[in-house]
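Protein chains: 2
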Amino acid sequence: MKNYKSQKKLLKLFNKTLTNISMKTEGLTPKRIPIRVGSRYIAILNEKAAKQMDLHAADRVILKVGKRDITAILDITEKKDFKDNQIGLYAETWEKLEVKRGDKIKVSIAPKPLVDAFIKDKLEGKTLTEEQINAIIKDVVADDLSDVEMTYFVSGCFANGLNDDETVALTKAIVKYGDKLEFKKKIVMDKHCIGGVPGNRTTMVVVPIITALGYTMPKTSSRAITSPSGTADTMEILANVVNDATKLKKIAKKVGGFITWGGGVDLASADDKLIRVRYPLKLDPQGMLLASIMAKKFSVSANHVIIDIPIGPQAKVKTMAKAKQLQQRFLSIGKKLKMKMKVVITDGAEPIGNGVGPLLECFDVINVLKNAENAPKDLREKSLTLASKLLSLTSKYKSEAAAKKIAREVLDSGKAWTQFEKIIEAQGKKNLPKIGEHTLHFKSTKKGIVKAIDNKLIALIARNAGAPLDSGAGVYIYKHIGDTIEKGENLFTVYAENKDRLKYVQKLPLDTAYKIN
Amino acid sequence: MKNYKSQKKLLKLFNKTLTNISMKTEGLTPKRIPIRVGSRYIAILNEKAAKQMDLHAADRVILKVGKRDITAILDITEKKDFKDNQIGLYAETWEKLEVKRGDKIKVSIAPKPLVDAFIKDKLEGKTLTEEQINAIIKDVVADDLSDVEMTYFVSGCFANGLNDDETVALTKAIVKYGDKLEFKKKIVMDKHCIGGVPGNRTTMVVVPIITALGYTMPKTSSRAITSPSGTADTMEILANVVNDATKLKKIAKKVGGFITWGGGVDLASADDKLIRVRYPLKLDPQGMLLASIMAKKFSVSANHVIIDIPIGPQAKVKTMAKAKQLQQRFLSIGKKLKMKMKVVITDGAEPIGNGVGPLLECFDVINVLKNAENAPKDLREKSLTLASKLLSLTSKYKSEAAAKKIAREVLDSGKAWTQFEKIIEAQGKKNLPKIGEHTLHFKSTKKGIVKAIDNKLIALIARNAGAPLDSGAGVYIYKHIGDTIEKGENLFTVYAENKDRLKYVQKLPLDTAYKIN
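From first to last, the protein sequence lines stand for chains U and F. Residues in the first sequence are numbered from 222 upward in steps of one, following the working numbering. Residues in the second sequence are numbered from 222 upward in steps of one, following the working numbering.
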């Protein structure tokens with residue numbers, strides 16, 4: 222603590238000096254740059270002007286005109302776009318300062334954010350306090366940190382990890398500086414799947430079962446980033462998934478729950494901003510991943526939560542040891558956050574259901590909910606298991622088995638399907654698109670038993686076929702692990718809306734998708 | 222190695238898929254953004270257009286018009302600056318593509334750089350190979366990496382360190398992808414000081430001594446970033462320090478050496494680019510620091526090198542243990558690079574010489590070289606020690622003491638001064654500026670012995686007084702550690718060119734600059 226104070230003092234001293242040094246400018250002539258760059262304010266100086274004011278690229282500067290001032294991030298150009306007495310202002314900056322003809326802009330250096338020191342601490346392997354994490358996330362949400370600073374924070378969390386207390390603090394901070402969906406219910410349910418398994422659309426079966434029983438389940442889901450479909454993409458085939466907080470509360474009040482795209486509400490603004498800098502290296506620092514998931518549950522008021530960790534050679538989690546470690550962390554953090562929680566480790570070795578791609582996945586879900594003959598058993602069973610584990614968190618059921626019996630009744634009786642139709646209606650029903658008319662049937666070249674399926678390749682085939690943007694594109698698999706197959710029998714069919722897409726599909730090593738012995 | 226290959230294969234597969242997905246665009250209408258952003262090509266899409274093409278901010282995209290194509294980094298704007306069929310191109314991008322009226326720009330995703338995987342490896346604590354480091358630095362110099370990617374690389378090196386082999390590889394890569402100053406001499410000398418000590422201008426004494434003896438010493442120095450003066454700033458008072466490679470070779474041929482600003486030649490381009498992202502957090506990953514120093518020596522063909530590590534409570538290196546660790550690393554890396562090297566640990570507890578600030582430091586240097594009565598003894602002695610240690614690396618002298626005798630003779634005889642005048646003449650002599658006319662004399666409030674001097678505060682006083690931009694500004698100290706002082710006697714004088722500056726100086730806690738008991 223002493224160290225922190227002296228750090229703070231020195232920083233103050235330096236900041237004061239720097240402010241003094243650059244205050245000598247008498248005002249620069251603004252030049253408007255007709256581009257919007259998002260919420261951050263950016264100003265540009267030429268190299269010589271910057272040097273004279275002792276300013277560097279990425280410095281924070283205070284821009285002042287009359288009584289208005291804002292803090293902006295400085296860019297420096299080596300080229301002659303600006304004169305030495307000019308300052309370039311992007312559209313948002315220009316407008317915020319209400320620049321008028323003849324105005325002069327006074328420039329001085331802004332104090333460096335104190336959180337830079339905390340971020341450096343994390344990179345050095347130190348543990349951050351709740352206050353420090355709060356301060357970082359506050360600055361992230363306020364767009365006060367540059368991409369470089371946010372990247373250092375992500376790096377520190379990735380290289381040195383976040384302990385449970387830090388993760389809890391990060392969760393709370395993300396919730397604090399984001400929107401919330403409040404439900405004044407004693408029981409609000411939610412689920413989350415760590416992902417990496419194609420076709421894993423259990424949410425669309427679990428939510429109807431749970432809400433048919435009268436519970437509240439406000440489910441936000443993500444869209445595909447590198448996969449052939451996210452739950453939000455698949456749900457979007459049937460219903461509108463872009464809904465704001467007001468509308469979502471109305472829907473939940475009416476039908477008990479929804480399945481919507483998380484990006485339609487600003488529940489975890491900090492998380493979204495950090496994900497942007499995580500994207501280039503696809504970094505998933507565990508503490509951030511946990512906080513991100515927990516914050517999303519927290520911000521919809523969920524207090525009964527089931528987490529699904531699929532393991533498989535190509536799932537996000539590859540080994541049982543890793544899954545158990547993650548399970549322990551979830552439980553420990555859930556406890557600290559006073560959430561009732563179960564974490565179930567599931568089989569992620571092969572796709573769940575038969576369809577991979579938005580529309581094909583929808584067919585699977587509908588078939589399960591309608592108890593159709595060709596409903597994929599694995600999707601049905603996994604959904605029932607997740608629903609019953611979630612129900613049994615309430616202590617209203619004698620056992621998980623008792624809860625499962627109830628869940629099965631809801632599904633078998635058609636109540637879940639009726640409830641799903643109500644949810645679709647409440648969100649705004651859509652017309653089903655057509656399935657891709659161009660097909661490629663891939664047959665087995667030998668007789669045998671399916672030993673393994675290459676999930677990543679199946680996903681890649683569906684992507685190449687056009688999913689998720691072409692909603693009728695994807696892969697339908699006929700065989701799961703353990704199934705017997707005859708020589709010449711269909712293994713899978715690829716659907717595409719655009720014929721050219723099948724050419725891209727054929728470039729992939731299709732014969733390695735199934736391992737048959 | 223197997224892992225590396227499969228990683229590479231998968232990446233290729235993914236990249237192929239992504240390329241296919243985004244190739245569907247039929248061409249966008251370009252809109253020129255009249256700003257230059259440096260050497261990197263940048264294009265902007267609106268959010269909807271980006272989503273339709275499955276592109277994300279910071280993605281690399283190939284822009285194609287006719288037969289010309291370039292790789293650019295993608296920005297995405299949430300606002301309506303562009304229509305869905307438009308693409309914004311910054312000035313450099315527009316010009317490079319030679320866009321003409323009616324042209325359409327085809328956009329496709331570019332392969333992700335393979336080095337992203339290496340950078341992630343480093344963040345995960347793995348050791349990088351020479352090839353991997355080479356590939357990263359090649360991309361850094363070619364502006365192929367975004368700031369976020371470079372920041373991750375710096376973070377990995379900072380959080381997990383670089384071992385000696387990695388540091389050697391980094392040194393060689395920086396040299397390989399930068400300019401070189403080649404001297405076909407058997408002995409090329411150089412020195413480097415780790416820094417953090419105000420007034421430490423030994424270079425300006427050592428170079429004249431060494432070159433007066435007929436050796437080659439091509440010294441590149443840095444400017445102040447947060448200190449009141451760098452060697453380049455101080456030398457610039459007397460001579461031109463912005464010289465290109467051709468001119469520097471000419472000067473060295475004529476007078477044996479120079480003292481120039483490193484930024485005038487592009488000797489370590491990769492280093493400069495990495496320093497830009499290190500700046501916001503002021504990160505000094507040790508391996509990068511070592512590689513940066515060694516690369517600069519290497520790129521001027523130096524093979525006899527002395528490194529000065531000052532230690533003190535406010536120097537860059539604070540403890541003897543840390544200094545010894547750094548010393549060992551320098552020696553070990555020097556050996557691997559086949560450089561003759563000595564690393565000397567010196568006293569960095571107080572300023573060297575009496576002046577702090579460009580002109581005041583010049584006075585000290587000139588006084589030492591001219592053997593003036595008021596020449597600061599510490600600057601003289603330290604310079605002689607460094608020069609003699611450097612000379613004794615050549616094995617032309619029986620001992621360090623013998624070398625020191627020679628160095629002292631060169632200095633005492635005035636030969637060093639004559640040589641310094643020749644160097645100044647060769648670089649381009651300047652007229653001396655005036656010393657700041659506004660002064661503040663700070664007197665001791667008690668009698669006693671100087672126990673400590675606050676280096677950082679002295680530096681801050683000089684900065685607040687206007688150094689280094691106001692070259693006549695700075696601090697002149699009258700007392701060093703161990704000196705006796707009377708009550709009311711002058712401790713130091715602050716010089717400023719601008720009267721207002723003294724007000725800023727007076728806001729600092731001047732009474733804590735000296736500790737007297």
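Glycine included, each C-beta is placed from N, C-alpha and C at the ideal position.
Where does residue i sit, in a helix, a strand or coil, going by DSSP?
i: U:M560; result: coil
i: F:N267; result: strand
i: U:N711; result: strand
i: F:R289; result: strand
i: U:F663; result: strand
i: F:F551; result: helix
i: U:S329; result: strand
i: F:P251; result: strand
i: U:P531; result: strand
i: U:V418; result: coil
i: U:Y311; result: strand
i: F:Y262; result: coil
i: U:R281; result: strand
i: U:D568; result: strand
i: U:A445; result: coil
i: U:G485; result: helix
Below 7 Å on C-beta distance, what does residue i contact in chain F?
i: U:V498; result: V369
i: U:Y373; result: T372, S376, L502
i: U:L344; result: S376, F379, A380
Can you list, in chain order, the residues of its chain whose CB lies under 8 Å from that of residue i, leaving out five sequence neighbours each side?
i: F:K539; result: I532, G533
i: F:L344; result: Y373, S376, G377, A380, N381
i: U:I408; result: Y436, T437, N524, H525, T615
Suppose the cutoff is 7 Å on Cβ atoms and the five residues either side in sequence are ignored; what does the same chain contact list for residue i look like?
i: F:G346; result: N381
i: F:T705; result: I670
i: F:T424; result: K412, K440, S442, T452, I480
For the beta strand (DSSP E) containing residue i, list its first residue and its last residue.
i: U:M438; result: 438-442
i: U:Y735; result: 735-737
i: U:M410; result: 410-414
i: U:Y699; result: That residue, U:Y699, is in no beta strand (DSSP E); it is neither H nor E in DSSP.
In chain order, what residues of the same chain have a beta carbon less than 6 Å from the beta carbon of residue i, not counting five sequence neighbours either side?
i: F:L383; result: G508
i: F:F404; result: T437, S522
i: F:N464; result: T481, G485
i: F:T392; result: A512, M515, A516
i: F:V286; result: L318, D324, I326
i: U:Q548; result: V564
i: U:G309; result: K252, I254, I265, F303
Less than 6 Å between the CB of residue i and some heavy atom of the ligand GDP, yes or no?
i: U:A637; result: What this structure holds is no ligand at all, so the ligand GDP is not there to describe.
For a contact meaning CB atoms closer than 7 Å, what does residue i contact in chain U?
i: F:I254; result: I256
i: F:A279; result: Y500, P501
i: F:D275; result: L690
Note the first and the last residue of the continuous alpha helix (DSSP H) segment covering residue i.
i: U:K187; result: In this structure chain U extends from 222 to 738, so residue 187 of chain U is not present and cannot be described.
i: F:K494; result: 490-499
i: U:F479; result: Taken as a continuous stretch (DSSP letters only), U:F479 belongs to no alpha helix (DSSP H), being part of the beta strand (DSSP E) at 478-482.
i: U:L607; result: 598-613
i: U:Y398; result: No alpha helix (DSSP H) holds U:Y398; DSSP gives it neither H nor E.
i: F:L580; result: 579-590
i: F:R722; result: 720-727
Using a C-beta to C-beta distance shorter than 8 Å, which residues of chain U count as neighbours of residue i?
i: F:G309; result: I256
i: F:I340; result: L502
i: F:D337; result: P501, L502
Report the neighbours of residue i on chain U: residues whose CB is nearer than 9 Å to its CB, in chain order.
i: F:D302; result: P255, I256, R257, A312
i: F:L318; result: Neighbours of F:L318 on chain U: none; closest Cβ ~17 Å, over 9 Å.
| request: Using a Cβ-Cβ cut-off of less than 9 Å, give me the residues of the stretch 375-388 of chain U that come near chain F, in sequence order. | output: Residues of the stretch 375-388 of chain U that bring their beta carbon within less than 9 Å of a beta carbon in chain F comprise V375, S376, G377, F379, A380, N381, in sequence order.
| query | Which residues, in chain order, does the stretch 532-545 of chain F contribute to contact with chain U at a C-beta distance below 7 Å? | reply | none
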